[in-house]
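Position one of the sequence shown corresponds to residue 21 (the working numbering), numbered consecutively onward.
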Amino acid sequence: VDKIAHSETLTYHLTADTHPKDRLIVYSAPIDNDYHLWTMDLDDPRVKHRLTDGNPFALTPAFSADGDDIFYVELDEN
């Protein structure tokens, strides 16, 4: 009998992070069959910018401590 020791769904990776200084969030959202990174201005939620292009499944984004960089996980297709 096979047993699953640990299982995660894609929704586990759908998180957002807030910028350490600015009123800005980074998050992962779907487009067609991929997930891309976006930023959104918290003062005007209509202002959104797509950060990734061509890299499918950019997940769990996080700002660096100074807010200058964004780190994220890419799905390994192997």
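Cβ atoms here follow ideal geometry from the backbone N, Cα and C, with glycine treated the same way.
Since the model is a prediction, treat every value here as computed from it, not as a measurement.
In the DSSP annotation of this structure, Asp96 is not part of any beta strand (DSSP E), being labelled neither H nor E. Distances from the CA of Ser48 to each of Pro40, Asp42 and Trp58 were compared; the closest alpha carbon is that of Trp58. For Leu79, the uninterrupted beta strand (DSSP E) segment begins and ends at Ala78 to Phe83. Taking each of Ala78, Leu95, Arg66 and Asp96 in turn and checking the Cα distance to Pro50, the smallest one comes out for Ala78. Judged by DSSP in its simplified three-state form, Pro65 adopts coil rather than helix or strand.
Within a 10 Å sphere around the beta-carbon of Phe91 sit fewer than 16 other beta-carbons, which makes this residue exposed. Here His69 is exposed: its Cβ has fewer than 16 other Cβ atoms, across all protein chains shown, within 10 Å.
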